[in-house]
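Working notes, structure below.
In mature numbering (1 follows the signal peptide of the UniProt record, and there is no 0), the protein residues as written are -23 to -1, 1 to 415.
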């Protein structure tokens, strides 16, 4: 109670401070990209809509040409199933030396150790990618802090594990080259209470399960008998799926009902309750006749204990921003516990993937994005420490956040080709790796 009160008082004090923060003297154009600055303040000439005008090398950040810009809204109905191998890691269970820094845009945990590598990346052949850093993005509002959204749903935080193609000795060169970077993005929820540190369940982010209380199906219909079906009364012999829902998203069992045409949809708005319109992975074509309504599958949300600890401890130590030109900028905070991408991974390694860009200047279109299907969860204290981190104006991140707005995937914007490595009927498909309870 006392800690919450102190935090509330701190927020009020910081809010008063913000009134005195102005953009007087802001340099809106800088020919040298090494000296150029950017921020997320919507009232500033350094905000996302203006990034492409700040420096000549930042043209990719244009708000007009967005063919491969990130982040995106993932429209699950339009994602395509591909039988892609699960991600592979070398030395995932190892922890490597790292340092904590505050670059004025997002706090980072980074390493120069090249021991941990990622492979089996879609579109990258046999290339291996070296683990480089972990950083997070958040918003001014807790309801919209993640950079990517899934069916227009955001989470308070999005955490990124960044990997560079080992073909490049210089990570700077990798960033500027197509296929040079892979980023694993994970949506992050916040524990409701300080003591809520266990795992929980989620229906693909913010959905909650709502089961149909239906009467038994007609015994003569073998295909529908295996489903949760709908009938008008105990004497009704006609087996039907729930309203606006095909019998199942399972291949085989629901083919009889699907063949009748019941349950076809073109969008989520045509599905009842919390069901979503899904593409039939087992039938060719993208016609609406092959789409059906189905409840989202359950994700077991891992409480990321070690990530929470690192954020609580090192965000406090690196809260204040130090410009690169300052003498003390060469100093850094050593992470005694060391780091590993394992700290951010959810139980399920199901994911969406697409080709995109860095979400901050220079916005190079060099990234293979791996957006995990299921979220993780961190402590409330870790989230509060993140909110208090300073940006380049020494303004707390809670004022403007550190998330770039959605660039593609919303209605009226460029549609994105997004693939997934899972079938819709898969649930609780978890990957055992290391000691995931840490």
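For glycine and all other residues, C-beta sits at the position ideal for the given N, C-alpha and C.
Note that the coordinates shown come from a computational prediction; the quantities given were computed from them, not determined experimentally.
Q: For residue 304, collect the residues of the same chain with a Cβ closer than 8 Å to its Cβ; drop the 5 residues on either side in sequence, then sort them by chain order.
A: Within the chain shown, the letter at position 327 stands for residue 304. Closer than 8 Å at Cβ, skipping near neighbours: no residue.
Q) Distance, Cα to Cα, residue 395 vs residue 279? A) As a first step, residue 395 must be located in the chain shown, where it is residue number 418. As a first step, residue 279 must be located in the chain shown, where it is residue number 302. Straight-line Cα distance between these residues: approximately 25 Å.
Q) Do the stretch 368 to 377 and the stretch 74 to 84 touch if we need at least three Cβ pairs shorter than 8 Å? A) yes
(Q) Measuring CB atoms only, is the stretch 350 to 360 touching the stretch 268 to 285, in the sense that at least three cross pairs come out at less than 8 Å? (A) yes
Q | Entirely enclosed beta strand (DSSP E) segments - the stretch 308 to 370, minimum 3 residues | A | 310 to 316, 328 to 333, 344 to 349, 353 to 355
Q) Ordered along the chain, which non-local residues of its own chain (more than five positions away) have a Cβ less than 6 Å from that of residue 122? A) As a working note, residue 122 is residue 145 in the chain shown. Within the same chain, residue 122 has close Cβ partners 115, 116, 133, 134.
Q. The alpha helix (DSSP H) spanning residue 433 covers which residue range?
A. This structure does not reach residue 433, given that the chain is present from -23 up to 415, and the question cannot be answered.
Q | Which of helix, strand or coil DSSP assigns to residue 379 | A | Here residue 379 corresponds to residue number 402 of the chain shown, with the count starting at 1. Coil.
**Q.** Terminal residues of the alpha helix (DSSP H) in which residue 31 lies
**A.** Reading the chain shown from its first residue, position 54 is the one you call residue 31. Start and end: 28 to 31.
Q) Which whole-angstrom value is the C-beta distance of residue 167 and residue 360, which I expect to be below 8 Å? A) As a first step, residue 167 is located in the chain shown; it is residue number 190 there, counting from the start. As a first step, residue 360 is located in the chain shown; it is residue number 383 there, counting from the start. Correct: roughly 5 Å between the Cβ atoms.
Q: Examine the Cβ distances between the stretch 92 to 112 and the stretch 137 to 146 and report whether three or more of them are shorter than 8 Å.
A: yes
Q. Are residue 45 and residue 334 touching if we call contact CB-CB under 7 Å?
A. To locate residue 45, count along the chain shown from 1; it is residue 68. To locate residue 334, count along the chain shown from 1; it is residue 357. Contact: yes.
Q. Short check: CB of residue 320 to CB of residue 284, under 7 Å?
A. Position 343 of the chain shown, counted from the first residue, corresponds to residue 320. Position 307 of the chain shown, counted from the first residue, corresponds to residue 284. Cβ distance < 7 Å, so residue 320 and residue 284 count as in contact.
Q. If residue 347 sits next to residue 151, beta carbons under 8 Å apart, how far is it from one beta carbon to the other, in whole angstroms?
A. Counting from 1 along the chain shown, the entry for residue 347 is found at position 370. Counting from 1 along the chain shown, the entry for residue 151 is found at position 174. So it is not a contact: roughly 16 Å between Cβ atoms.
Q: Would you identify the three-state DSSP class for residue 8, choosing helix, strand or coil?
A: Within the chain shown, residue 8 is the residue found at index 31, counting from 1. DSSP places residue 8 in coil when its eight states are reduced to three.
Q) To which residues does DSSP link residue 86 through a beta bridge? A) In the chain shown, the residue the question calls residue 86 occupies position 109. The partner list for residue 86 (beta bridge, DSSP) reads 77, 111.
Q. Over what stretch of residues does the alpha helix (DSSP H) that includes residue 150 continue unbroken?
A. Walking along the chain shown from the start, residue 150 turns up at place 173. Residues 148 to 152.
Q.
If you reduce the DSSP assignment to three classes, tell me which class residue 384 lands in.
A. Within the chain shown, the letter at position 407 stands for residue 384. If DSSP states are grouped into helix, strand and coil, residue 384 belongs with coil.
Q | Start-to-end residues for the beta strand (DSSP E) that takes in residue 256 | A | Sequence index remark: in the chain shown, residue 256 carries index 279 (1-based). Segment 253 to 256, the beta strand (DSSP E) holding residue 256.
Q) For residue 272, which residues from the same chain have a beta carbon less than 6 Å from its beta carbon, with the 5 sequence-adjacent residues on both sides left out? A) Looking up residue 272 in the chain shown gives position 295. Excluding sequence neighbours, residue 272 sits near 252.
Q: Report the rounded CA-to-CA distance for residue 20 versus residue 68, giving the unit in angstroms.
A: For the purposes of this step, residue 20 is taken as the residue at position 43 of the chain shown. For the purposes of this step, residue 68 is taken as the residue at position 91 of the chain shown. About 45 Å.
Q: State the beta-bridge partners of residue 66 as determined by DSSP.
A: Along the chain shown, read from residue 1 onward, the residue named residue 66 stands at position 89. Its beta-bridge partners are 95.
Q.
Quick check: what's the CA-CA separation for residue 289 versus residue 365?
A. Here the question's residue 289 lines up with position 312 in the chain shown. Here the question's residue 365 lines up with position 388 in the chain shown. Their Cα atoms are separated by approximately 11 Å.
Q | Spatial distance of residue 287 from residue 14 (CA atoms) | A | Here residue 287 refers to the residue found at position 310 when the chain shown is read from its first residue. Here residue 14 refers to the residue found at position 37 when the chain shown is read from its first residue. Computed Cα separation, rounded: 27 Å.
Q.
Measuring only the C-alpha atoms, how far is residue 214 from residue 256?
A. Here residue 214 refers to the residue found at position 237 of the chain shown. Here residue 256 refers to the residue found at position 279 of the chain shown. Note on residue 214: pLDDT 46, under 50, position unreliable in the model; no value is reported.
Q: Could you tell me the distance, in whole angstroms, from the CA atom of residue 77 to the CA atom of residue 318?
A: The residue labelled residue 77 in the question sits at position 100 within the chain shown. The residue labelled residue 318 in the question sits at position 341 within the chain shown. Whole-angstrom Cα-Cα distance: 15 Å.
**Q.** residue 159 beta carbon less than 7 Å from that of residue 397
**A.** The sequence position of residue 397 within the chain shown is 420, counting from 1. The sequence position of residue 159 within the chain shown is 182, counting from 1. It is not a contact, given that the beta carbons lie outside the stated cut-off.
Q) What are the start and end residues of the beta strand (DSSP E) that includes residue 270? A) As a first step, residue 270 is located in the chain shown; it is residue number 293 there, counting from the start. Where residue 270 is concerned, the enclosing beta strand (DSSP E) stretches over 268 to 271.
Q: Provide the residue(s) that pair with residue 118 in DSSP beta bridges, ordered along the chain.
A: One-based indexing of the chain shown puts residue 118 at position 141. DSSP output for residue 118 lists 121 as bridge partner(s).
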